[in-house]
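These notes concern the structure reproduced below.
Chains as they are written, first to last, in my numbering: chain P, 6 to 286; chain X, 98 to 209; chain U, 16 to 97.
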């Protein structure tokens, strides 16, 4: 399973028609993009519609409309919800791509006692990590929630949370494994599968909030229509927090998945390598 | 040009002490012969220098919230910096970096 | 204003130097460390010019996360680039 597929046939040649279509589409796309680019307003032009209409409206109405004192959060999670959905999806896809590619390449765990996927085994580090990890994880949640009024938000909080998960893996070895023989070590935290579930749950929650807004008569990701009670600004504030939490889950899970797939190979996914399967990957 | 207040005087003293330790760390990294002695200079002097500088800044900060946050950063540095130094030294020892001795000197990367 | 410009120029120069060094060194571990330094300088500069949110993200992602991922990748693939 982990070996390079022997004698896989080469990819079939592209049919002539498809190649011609591609050859025609590429210059057309290029010309179209260049022509479109010349029609764009100058970068930073104070007289462009974005500067004369959009920016003042965001700056003046963001706090009243979305209840978020931090305007960056208001724009990212509310006005520009589509963009943020795309970003979260890209990060999620990167994690999935890493998982699939490394699984196909048959990445395997390091030999015992070597590499990054084994407990470091130091009392000092263990004690310090016991103190630091809860602080890091709590600070990540603080950054997520406080993103409404101060710099921060789901993305930064998610990265911090994922870093806390990685810190535990670096010091104590992969979650749920490698810890069985050292009962003094806490077994807290999701493993590879758990992290993948976290990431999927995040992206599903994001799309789910958008679809729920549609179900209650708004457009996709137009949260003002959600029946959460209270005035629209308050509803949008709550929904923005939900969106940030979804981004948080996606990023935190993906970060842990990335580290796990790179550092421990596919040990947890049930793709073990037969013993003695040499250096074929 | 008025006189210093007491707080400002303390802050300047702390900042000067912090700068002194950071300077000592830099000189140590440049002058000491191998990885472990350099780590010895960097770990302690960096922690002391950073902590003193941040405490000085905490005295100067007008906003109490900023002062509290800076003190928390000092606590974090005092916890994380020695731990990182310890982890580096242990990893280097495990990786087989040679220790410098006066009678058998080795280069900074552990080469004889 | 002038001091701000001086700090900004110093940071930008240090960014260029660290980026060039990260490209030049053959040891991937050193390159990852230099890239982390580059990210941290970038974050400092972002904070200096007032983009605190971007600075925060850059410090989290560039300074911490990608450095860890680069180091673990270097662990898997071999340390030298010749």
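Glycine included, every Cβ here is placed at the ideal spot set by N, Cα and C.
Put simply, of U:89, U:74, U:88 the residue whose alpha carbon is nearest the alpha carbon of residue 161 of chain P is U:74. Nearest neighbour of residue 227 of chain P by Cα position, chosen from P:82, P:136, P:267, turns out to be P:82. Here DSSP, grouped into helix, strand and coil, assigns residue 23 of chain P to helix. DSSP, reduced to helix, strand and coil, places residue 42 of chain U within a strand of the structure shown. With the rule of 3 Cβ pairs closer than 8 angstroms, the region 115-131 of chain X counts as touching the region 139-156 of chain X.
The continuous alpha helix (DSSP H) containing residue 151 of chain P extends over residues 128-151. Using a Cβ distance threshold of 9 angstroms, residue 110 of chain X and residue 153 of chain X count as a contacting pair. In chain order, 125, 126, 129, 205 place their CB closer than 8 angstroms to the CB of residue 135 of chain X, counting only its own chain and leaving out the 5 sequence neighbours on each side.
Just measuring C-alpha positions, the residue of P:177, P:26, P:136 sitting nearest residue 175 of chain X is P:136.
For the pair residue 267 of chain P and residue 91 of chain U, the CB atoms are nearer than the 9 angstroms cut-off. According to the DSSP assignment, residue 84 of chain P belongs to no alpha helix (DSSP H), since it is labelled neither H nor E.
Under the Cβ criterion of 9 angstroms, residue 164 of chain P is not counted among the residues facing chain X. When Cβ-Cβ separations below 9 angstroms define contact, residue 59 of chain U makes no contact with chain P.
Here residue 54 of chain P is exposed. Its C-beta has fewer than 16 other C-beta atoms within 10 Å. Here residue 42 of chain U is exposed, its C-beta having fewer than 16 other C-beta atoms within 10 Å. Inter-residue distance for residue 194 of chain X and residue 137 of chain X is about 15 angstroms (C-alpha atoms, whole angstroms). Distance from the Cα of residue 260 of chain P is smallest, within the candidate group P:205, P:100, P:216, for P:100. If you draw a straight line from the Cα of residue 72 of chain P to the Cα of residue 140 of chain P, it comes to about 28 angstroms. Fewer than three Cβ pairs drawn from the region 26-39 of chain U and the region 165-174 of chain X lie within less than 8 angstroms of each other, which leaves the two stretches out of contact.
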